[in-house]
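1 is the number of the first residue of the sequence shown in full-length UniProt numbering; add one for each residue after it.
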Amino acid sequence: MKANVGGLDKKIRIAAGIIIIAAGAYFQSWWGAIGIIPIATGLINWCPAYLPLGISTCKTSDTE
Numbered sequence: 001m002k003a004n005v006g007g008l009d010k011k012i013r014i015a016a017g018i019i020i021i022a023a024g025a026y027f028q029s030w031w032g033a034i035g036i037i038p039i040a041t042g043l044i045n046w047c048p049a050y051l052p053l054g055i056s057t058c059k060t061s062d063t064e
């Protein structure tokens, strides 16, 4: 897997995941479990939804 989630994107995903989980806990809803997805994609630096769209928020180097 080639990383396609960059630094700022990673921070936003992790923060959004925490907020979703907290909202689920506050409202006592299982929908908060969806927060695991943005946290996981942020931690592994790879998002499967970016593949078909050809998106990458990682900085690329010219030496590759």
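For every residue, glycine included, the Cβ atom is placed at its ideal position computed from N, Cα and C.
Could you name the residues of the same chain whose beta carbon sits closer than 6 Å to that of residue i, not counting the 5 residues immediately before and after it, in chain order?
| i | result |
| --- | --- |
| residue 39 | 14 and 17 |
May I have the straight-line CA-CA distance separating residue i from residue j, to the nearest angstrom?
| i | j | result |
| --- | --- | --- |
| residue 42 | residue 49 | 13 Å |
| residue 55 | residue 10 | 14 Å |
| residue 20 | residue 53 | 25 Å |
| residue 8 | residue 57 | 8 Å |
| residue 24 | residue 30 | 6 Å |
| residue 36 | residue 1 | 20 Å |
What span of residues does the alpha helix (DSSP H) with residue i cover, start to end?
| i | result |
| --- | --- |
| residue 12 | 7 to 26 |
| residue 41 | 36 to 44 |
| residue 149 | Residue 149 falls outside the range modelled here, since the chain spans only 1 to 64, and no answer is possible. |
In its own chain, which residues sit with a C-beta less than 8 Å from the C-beta of residue i, not counting the 5 before and 5 after it?
| i | result |
| --- | --- |
| residue 51 | 4 |
I'd like the list of long-range same chain contacts for residue i, defined as Cβ closer than 7 Å, with 5 residues on each side in sequence excluded.
| i | result |
| --- | --- |
| residue 47 | 4, 5 and 41 |
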